[in-house]
Amino acid sequence: MKRALSGFNRSLTGFAAAAVAVLLLALSGAAFGHSPLELLTILVNGSVGSRFALEGTLLKSVPLLLTGLSVAIAFRAGVWNIGGEGQFIVGALAALLASRWGVAASLLAAMLAGAAWASIAAAMRLLRNAPEVLTTILLNFIAIHLLGWCVNGPLRERAGQYPQSDAAAAALPLFGSVHAGVFLAVAASVAAWWLLYRTAEGLRLRATGFNPSAAKWAGINVKGQLARAMAISGAAAGLAGGIELLGVTHRLFERFAAGYGYSGIAVALLAQLHPLATIVSALFFGALVTGAGELQRTANISAAVAIFGQAVVILVLIGFERARSRP
Amino acid sequence: MLDLVLDAIPLAIVASVPLLLAVQGELVVQRGGIINLGIEGTMLVAAMTAVLAAQATDSVLLGFAGGIAGALLVALLFGTFVILLRTDQIVTGTAINLLALGLTSFIYRELQQDGVFVDSIPRIEHDVVVPLAWIGIPIVLAILLWNTTFGLRLRACGENPDAVAASIRSHRALALGIEALLAGLAGAYLSLGLSSGFAENMTSGRGFIALSIVIFGRWKVKGALLGTAVFGLAAALQYAMQAASSGIPFHLLLALPYVVTLAILCGVAGRVRAPEALGKN
Chain A
1 MKRALSGFNR SLTGFAAAAV AVLLLALSGA AFGHSPLELL TILVNGSVGS RFALEGTLLK
61 SVPLLLTGLS VAIAFRAGVW NIGGEGQFIV GALAALLASR WGVAASLLAA MLAGAAWASI
121 AAAMRLLRNA PEVLTTILLN FIAIHLLGWC VNGPLRERAG QYPQSDAAAA ALPLFGSVHA
181 GVFLAVAASV AAWWLLYRTA EGLRLRATGF NPSAAKWAGI NVKGQLARAM AISGAAAGLA
241 GGIELLGVTH RLFERFAAGY GYSGIAVALL AQLHPLATIV SALFFGALVT GAGELQRTAN
301 ISAAVAIFGQ AVVILVLIGF ERARSRP
Chain B
328 MLDLVLDAIP LAIVASVPLL LAVQGELVVQ RGGIINLGIE GTMLVAAMTA VLAAQATDSV
388 LLGFAGGIAG ALLVALLFGT FVILLRTDQI VTGTAINLLA LGLTSFIYRE LQQDGVFVDS
448 IPRIEHDVVV PLAWIGIPIV LAILLWNTTF GLRLRACGEN PDAVAASIRS HRALALGIEA
508 LLAGLAGAYL SLGLSSGFAE NMTSGRGFIA LSIVIFGRWK VKGALLGTAV FGLAAALQYA
568 MQAASSGIPF HLLLALPYVV TLAILCGVAG RVRAPEALGK N
């Protein structure tokens, strides 16, 4: 009973944080002379108000769910993977290159590439003691410029008109206007839940994150555990990039990642790092991103307000949690 | 090629000023036990408020004051969370960066429609920031950290907070204030001195590079100068290669600073000791 209640309390905190973020968003619009009520209406209608809007929200939630899982797994293991953005990009690059061999091979390549990119940071941490919080971020910048080079150079479309790649040779099957990546993402979150809570690997992973020295004394190979957690985390972010390419954009271009990697941090924290709760959290942020896009189209307000909303959610969450847990 | 690099060195000395200021600011807070990942966002906000203040007053000096004020506001938010509420420093810093990026992009678009960022900004006539960043501030910081009671206590806050008789909070808050001053100066110099205005996400990772250089410099002022100089040399090389049209694609040259930073981190990080209580609340 006590456990259920605390779970309920936690969800309440989450909903409160989300509500505060949306309210602050409307208020900052008001500071620049927009009507807050009108903004809220656009935000809601643009994200859940019509079938078209709902589909948009669902599509945006897919990469957010996967980058959210990526962050949740890494943070559970106690490694700071802030590199979702870079892993997302290299995942998409690999997916594009492997797309001639079909969807399955393409997505597999995306996961492997994401895992490999994250493993660079893991290797630097384990072999050279370089903090992964910095190396993963630096690798993001490198991936962004690598992508810039690819779409302006070797992978530039044959027509040569825009700095973008040709369309990938494979695409995810469509159900109506929603691609099959939706099911893959949900399956991934169930798999992540299974991994974390129903396997020995997951127990070791969580133990390592909870208390590395205790985990070491319990006979866990902490270094290996960190390396595997980082690789799994990177694979999830890479898969997000692959699915976004094969399901939504079909081409690569310079601003392909659009902040999905960083957004994953807000998604995971709102879900309290729980893989199944991440589904709900990703839907919320998917709606926020979609609604913000509508704000930019109809009210000419920067879609970057979605990033602002993510930051507010994180700050309200951690502030509230600490304020409550203090003696 | 060598003369091209030599020609690029003066440019690199000037261009690395925001980075150098950020490194020194981060050095101070980390000595006190706080990792401020949010320095990236702090500089970004400062770059914007500096332009706004400079345009409103038509004065460079007040522009810099505006930049510092913006940075102090961000530091106040970060400090409230990290020092008062004792939230996780990495998560808070990441949130601050997202907040700064979202807020500045939002305001930029709002005010651009009013033509605010289109007007030209006043130019710096006598550039005192460069000697200040490379000579004046390092001397002051070295004395402050190693020859004052405040410095001793602040370093104790970073090594073993339990051993500090005085208030840890006030020492860390003051260190954060010093960092905000330097990060504000850095952001203002970025938008008023190096560029002619604000651009979205114009800090482009300088804050994270600064954190890496603090490690490279082993949390010492001398090391901060040396690390920034090494990095500046790499930047000069990059400019020279761009000027010489070396055949290396432009986008790969853009990635070079981050590759150099990774190399720097891997080269030294294994052999340095961080302040004992760094990052712990």
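If you're matching them up, the sequences are chains A and B in order. The numbering of the first sequence is my numbering, which starts it at 1 and goes up by one. The numbering of the second sequence is my numbering, which starts it at 328 and goes up by one. Glycine included, C-beta positions come from ideal geometry on N, C-alpha and C.
Proximal residues to residue i (C-beta, below 7 Å), its chain only, five neighbours per side dropped
i	result
Phe253(A)	Val151, Pro163, Gln164
Trp193(A)	Pro275, Leu276
Arg496(B)	Ile410
Gly102(A)	Ala170
Residues bridged to residue i [DSSP beta-bridge criterion]
i	result
Phe535(B)	Beta-bridge pairing links Phe535(B) to no other residue.
Val388(A)	There is simply no residue 388(A) to check, as chain A begins at 1 and stops at 327 in what is shown.
Phe253(A)	Gln164(A)
Sequence-distant residues of its chain with Cβ nearer than 6 Å to residue i (five each side left out)
i	result
Thr67(A)	Gly84, Ala237, Ala240, Tyr260, Gly261, Gly264
Lys60(A)	Gly286, Val289, Thr290
Pro63(A)	Ala240, Glu244, Tyr260
Ala301(A)	In the sequence under discussion, the amino acid at residue 301(A) is Ile, which differs from the Ala named in the question. Result list for Ile301(A): Leu295, in chain order.
Coarse secondary structure for residue i, derived from DSSP in three states
i	result
Ser28(A)	helix
His145(A)	helix
Phe175(A)	strand
Ile61(A)	In the sequence under discussion, the amino acid at residue 61(A) is Ser, which differs from the Ile named in the question. Note: Ser61(A) maps to helix in three-state DSSP.
Ser340(A)	Given a span of 1 to 327 for chain A in the structure shown, any question on residue 340(A) remains unanswerable.
Arg156(A)	strand
Asn568(B)	According to the sequence shown, residue 568(B) is Met rather than Asn. Helix, per DSSP.
Val445(B)	coil
Asp415(B)	coil
Gln439(B)	helix
Val344(B)	helix
Val409(B)	helix
Asp385(B)	coil
Val587(B)	helix
Arg100(A)	helix
Ser47(A)	helix
Asp454(B)	coil
Ser432(B)	helix
Thr527(B)	Just to set this straight, residue 527(B) is Glu in the shown sequence, not Thr. Coil, per DSSP.
Lys547(B)	coil
Min CB distance residue i to chain B below 8 Å
i	result
Thr290(A)	no
Leu134(A)	yes
Ala240(A)	no
Ile73(A)	no
Ile89(A)	no
Trp149(A)	yes
Trp117(A)	no
Trp80(A)	yes
Gln310(A)	yes
Sequence-distant residues of the same chain with beta carbon closer than 8 Å to residue i, five excluded per side
i	result
Leu126(A)	Lys223, Leu226, Ala227
Pro212(A)	Gly78, Val222
Cβ of residue i within 8 Å of any chain A Cβ
i	result
Val445(B)	no
Ala422(B)	yes
Ala582(B)	yes
Thr419(B)	yes
Pro345(B)	no
Val350(B)	no
Pro576(B)	yes
Gln358(B)	Here residue 358(B) turns out to be Arg, not Gln, going by the sequence shown. Closer than 8 Å: no.
Phe433(B)	yes
Tyr566(B)	no
Glu437(B)	yes
Cys484(B)	no
Leu428(B)	yes
Ser497(B)	no
Leu425(B)	yes
beta-carbon residue i near the ligand SAM non-hydrogen atom, thresh 7 Å
i	result
Glu132(A)	For the structure depicted, the ligand SAM is absent and the ligand set is empty, with no information on it obtainable.
Chain-ordered neighbours of residue i on chain C, where CB pairs are closer than 7 Å
i	result
Asn152(A)	The chain labelled as chain C is not found among the protein chains of the depicted structure, namely A and B.
Within 8 Å, do at least three Cβ pairs link the stretch 372-379 of chain B to the stretch 510-521 of chain B?
Verdict: yes, contact present.
Tell me, please, whether the stretch 601-608 of chain B touches the stretch 475-489 of chain B by the rule of three or more beta-carbon pairs shorter than 8 Å.
Touching, yes, given that three or more Cβ pairs across the two stretches are closer than 8 Å.
Taking contact to mean at least 3 C-beta pairs separated by less than 8 Å, is the stretch 400-412 of chain B in contact with the stretch 542-560 of chain B?
Contact fails between the stretch 400-412 of chain B and the stretch 542-560 of chain B, because fewer than three Cβ pairs, one in each stretch, are under 8 Å apart.
Contact between the stretch 352-367 of chain B and the stretch 453-462 of chain B is defined here as three or more beta-carbon pairs at a separation below 8 Å; is this criterion met?
The stretch 352-367 of chain B is not in contact with the stretch 453-462 of chain B.
Touch test, the stretch 271-280 of chain A against the stretch 101-113 of chain A, Cβ-Cβ under 8 Å, three pairs minimum
Verdict: no, contact absent.
Could you check whether the stretch 305-319 of chain A touches the stretch 466-479 of chain B, counting it as contact only if at least three pairs of C-beta atoms, one from each stretch, sit closer than 8 Å?
Contact between the stretch 305-319 of chain A and the stretch 466-479 of chain B is absent, because fewer than three Cβ pairs lie under 8 Å.
Check whether the stretch 572-582 of chain B and the stretch 382-390 of chain B touch, using three or more Cβ-Cβ pairs below 8 Å as the test.
Output reads no: the stretch 382-390 of chain B does not touch the stretch 572-582 of chain B.
Closer than 8 Å is the cut-off here; do at least three beta carbon pairs connect the stretch 358-370 of chain B with the stretch 528-541 of chain B?
Touching, per the Cβ criterion.
Would you check if the stretch 34-49 of chain A and the stretch 328-347 of chain B touch, i.e. whether three or more CB-CB distances between them fall below 8 Å?
Touching, no, given that fewer than three Cβ pairs across the two stretches are closer than 8 Å.
Contact the stretch 74-89 of chain A vs the stretch 125-144 of chain A: 3+ CB pairs below 8 Å:
Flag = yes, the stretch 74-89 of chain A and the stretch 125-144 of chain A touch.
Touching or not, the stretch 426-438 of chain B and the stretch 292-306 of chain A, by the rule of three or more beta carbon pairs under 8 Å?
Contact annotation: the stretch 426-438 of chain B touches the stretch 292-306 of chain A, with at least three C-beta pairs closer than 8 Å.
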